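Engineer: Reminder that position 91 of the sequence shown reads as 522 in my numbering, one-by-one numbering, no gaps.
Questions regarding the structure given below will be posed in turn.
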Amino acid sequence: MPYRSPVADITFVLDKIVDFAGLTGTDRFAETSPDVTEAILTEAGRMCDDILAPLNRAGDLNPAVLENGIVRTSPGFAEGYRAIADGGWIGMAADPEHGGMGLPHTLATAVNDMMSGACLALQLNPLMSQGQIEALEHHASDEIKALYLPKLISGEWHGTMNLTEPQAGSDVGALRTKAEPLDDGTYAITGQKIFISWADNDFIANTCHLVLARLPDGVAGTKGISLFMVPKLIPDADGNPGERNSLRVVSLEHKMGLHGSPTAVMAFEGAKGWLIGKPHGGMAAMFTMMNNARLGVGVQGLGVAEAAYQKAAEYAQDRRQGRVGGTGTISEYPDVRRMLMTMKGDVFTARSIALDCAVAIDLANATGDARWSARAALLTPIAKAFGTDTGIEVSQMGMQVHGGMGFIEETGAAQFLRDVRVTAIYEGTNGIQAMDLVGRKMMDGGEAAFRLLDEIEANAEAARGAHPDLAEAVWNAAESLREATEWMAAQSDMNDRFAGAVPYLRAFARVLGGHYHLTAAQTGDAARSAQAAFYIRRILPEHQALLAHAMSGAAGLVDVPLEELGL
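Here it is, written out as structure tokens:
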């Protein structure tokens, strides 16, 4: 059975788990009725299943290549991209003033979930454009908006993000790319960037690079960085692609996976660029794009996890080996059941976190309420890290369900793991996401986290009648997380927070998972209740060990001499 978009599961999360009804009750999104939502998800799912999913294996077996300075893309990717662009899926959440649909970011997130499961290598392209669209909407001049946004939204042009350099990975402030002012108000951009996703292709009219560079008077570090639009082809007086800019693809990386997505080393050699936002304000502008991308990347992990689960579940129900139950298939074995239920439970958790985060983003935009902004900010690093970790873990478990056949490329099980592995690295490694959670997101003393924990405990109290043991377990887990959050917020030495940041984030995701599963059980659906019982009784208890680790501080870790560690 090929990949099938999880329209029903996404609809369930929107209807029963997150506050999508509250979102569509606002004036801004009042036209997003249940019928509209169903039509959008159904149509997007059909495109993913019929057009994008068949390209996934083709992209893996026929990687993008660089030939005489031109990036030649995988077979069928041009047609797949055209289906995405023509369907309006790139600009779903973009401003209607420039051709967008003005739909909730939540629906765009749901569609990205399905596109990622169908063909992650191709989905990376519109994801980069979506982030660039949001950055330009917030920070570009009216002239830049008028020229670039309609073409990016329609898919006629596409966008990239150029941050990383050989000596400046996560430490963006160490970049060396320069921007020299020119007489006409533009800038000459010179430098090299690496790991640029979809830096070029052979089927889109123009590539629009957002590039971080330093002006001559820019101070060292991130405070001296500016952001520039540097197109591959310089628009002429009519806004059409004109002369070639002074930039080129130096090489394409040879990667573990995502072979259909060209990842390039880029050289800018006095290329003409236009300032986006204020001088030296590049990081603020780029963070708009990066925050969009962080949720998007978490959803990429989720989408691949869904696809890996589907393939493993199908194999387990077909593969006959031994006999422990009525079907004679390996799906009857307790350990295989454990793996499948763990996979399914974590996919549901990751999807609920992502859509909860997206709803908070939309409600913040629709209401201006700072509490929704704080909730979105809190959930973003969790959505990114847990979503991508889930993609990796579910893909690995899917290979295990396949047994020896999982190690054979022809089954396709291994490709999921190879493709998704990088998602835990880019857009800020998952360790950086965890440090952001216990650092910047705790600058409010944990207030946003405590509000969310209040919600979880209130839901658990409401569930005590129908599911007393499950409700008690979730309530106790929330209390444990509250104590750990108080501990984190009280630490003045950031190393004490950072040493346990990753297990703290993981524990937070586990408690959220218990909350979402308990909410699902309250709908009365027997299958959802069984899955909730499995998750809350067998998976949620992990939070205890994780929180013990999180609150151990830095002692015995950063103060141990390297020679004692054998380093």
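For glycine and all other residues, C-beta sits at the position ideal for the given N, C-alpha and C.
Just so it is clear, the structure is predicted and the values come from calculations on it, not from any experiment.
Near L706, which residues of its chain fall below 7 Å by C-beta distance, leaving aside the five closest residues on each side in sequence?
Structural biologist: Y618, S657 and F659
Engineer: CB-CB under 6 Å to M828, same chain, minus the five flanking residues each way: which ones, in chain order?
Structural biologist: Cβ neighbours of M828 within its own chain (closer than 6 Å, five residues either side excluded): M770 and M774.
Engineer: Tell me the DSSP secondary structure of L646 in three-state form.
Structural biologist: coil
Engineer: Contact between the region 740-752 and the region 826-843: three or more CB pairs below 8 Å?
Structural biologist: yes
Engineer: For L996, does the count of other Cβ atoms within 10 angstroms reach 16, so buried, or fall short, so exposed?
Structural biologist: exposed
Engineer: Determine whether the beta carbon atoms of T760 and A747 lie at a separation below 8 Å.
Structural biologist: Against a cut-off of 8 Å, the Cβ pair of A747 and T760 comes out as a contact.
Engineer: Is the Cβ-Cβ distance between L472 and A541 less than 8 Å?
Structural biologist: The answer is yes: Cβ separation under 8 Å.
Engineer: Within 8 Å of any Cβ in chain B, is that where the Cβ of M866 sits?
Structural biologist: The displayed structure is made up of one protein chain only, and chain B is not part of it.
Engineer: Considering only residues of the same chain and omitting the five flanking positions on each side of H569, which have a CB-CB separation below 8 Å?
Structural biologist: A716 and T719
Engineer: Quick one: grab the DSSP three-state call for K709.
Structural biologist: Shown here, K709 sits in coil according to DSSP, grouped into three states, outside any helix or strand.
Engineer: Which partner residues of Y947 appear in the DSSP bridge assignment?
Structural biologist: None, per the DSSP bridge assignment.
Engineer: Please say whether G691 and R494 have beta carbons closer to each other than 8 Å?
Structural biologist: Checking the sequence shown, residue 494 turns out to be Pro, not Arg. Against a cut-off of 8 Å, the Cβ pair of G691 and P494 comes out as a contact.
Engineer: Relative to the alpha-carbon of V425, which residue among H833, G877 and M523 has its alpha-carbon at the smallest distance?
Structural biologist: For residue 425 there is no data in the structure shown, the boundaries of the chain being 432 and 998.
Engineer: Could you tell me the boundaries of the beta strand (DSSP E) in which F999 lies?
Structural biologist: Summary: the structure shown does not reach residue 999, with the chain confined to residues 432 through 998, and so no result is reported for it.
Engineer: In the DSSP assignment, the beta strand (DSSP E) including L483 goes from what residue to what residue?
Structural biologist: Run containing L483: none; DSSP gives neither H nor E here.
Engineer: Name the two residues that bound the continuous alpha helix (DSSP H) containing M559.
Structural biologist: That run of the alpha helix (DSSP H) goes H536 to H570.
Engineer: Within the chosen definition, does the region 943-950 reach the region 959-972 through at least 3 CB pairs nearer than 8 Å?
Structural biologist: A contact exists between the region 943-950 and the region 959-972.
Engineer: Closest by CA to A797, which one among A577, I856 and F451?
Structural biologist: F451
Engineer: Quick check on V496: buried or exposed, where buried means 16 or more other Cβ atoms within 10 Å of its Cβ?
Structural biologist: exposed
Engineer: Using only the alpha-carbon positions, how far apart do E611 and N723 sit?
Structural biologist: 29 Å
Engineer: Is the separation between the beta-carbon of A932 and that of L868 shorter than 8 Å?
Structural biologist: Going by C-beta atoms, A932 is nearer than 8 Å to L868.
Engineer: Ordered along the chain, which non-local residues of its own chain (more than five positions away) have a Cβ less than 8 Å from that of Q846?
Structural biologist: N487, R488, D491, G688 and E840
Engineer: How is the alpha helix (DSSP H) around L884 delimited, first residue to last?
Structural biologist: Residues E878 to A894.
Engineer: Would you list the one or two residues that DSSP bridges to R675?
Structural biologist: Per the DSSP secondary-structure output, R675 pairs in a beta bridge with L664.
Engineer: In this structure, does DSSP put E700 in helix, strand or coil?
Structural biologist: strand
Engineer: Are F939 and L971 close, meaning C-beta to C-beta below 8 Å?
Structural biologist: Not closer than 8 Å, so no.
Engineer: Can you tell which of G776, G734, H711 and D669 has its C-alpha closest to the C-alpha of G652?
Structural biologist: H711
Engineer: Fully enclosed by the region 735-803, which alpha helix (DSSP H) runs are 4 residues long or longer?
Structural biologist: 765-798
Engineer: What distance in whole Å lies between the Cβ atoms of D793 and H980, which are believed to be in contact at a cut-off of 8 Å?
Structural biologist: With a Cβ gap of about 34 Å, H980 and D793 do not count as contacting.
Engineer: Under the DSSP definition of a beta bridge, which residues are partnered with D659?
Structural biologist: According to the sequence as given, residue 659 is Phe; it is not Asp. According to DSSP, F659 bridges with V642 and L706.
Engineer: Can you tell which of M592, G531, E587 and A781 has its C-alpha closest to the C-alpha of L555?
Structural biologist: In terms of CA proximity to L555, M592 leads the group M592, G531, E587 and A781.
Engineer: Following the continuous beta strand (DSSP E) through L988, name the residue where it begins and the one where it ends.
Structural biologist: No beta strand (DSSP E) holds L988; DSSP gives it neither H nor E.
Engineer: Flag A630 as yes when its Cβ comes closer than 7 Å to any non-hydrogen atom of the ligand NAP, and as no otherwise.
Structural biologist: This structure lacks the ligand NAP, and indeed carries no ligand of any kind.
Engineer: Thinking A764 and A865 are a contact (beta carbons under 8 Å), I'd like their distance in whole angstroms, please.
Structural biologist: What sits at residue 764 in the sequence shown is Tyr, not Ala. About 35 Å separates the beta carbon of Y764 from that of A865, a gap too long to meet the 8 Å contact definition.
Engineer: Suppose the cutoff is 7 Å on Cβ atoms and the five residues either side in sequence are ignored; what does the same chain contact list for T595 look like?
Structural biologist: K624, I625 and F626
Engineer: Just verifying my parser: in three-state terms, what is the DSSP assignment at K815?
Structural biologist: helix
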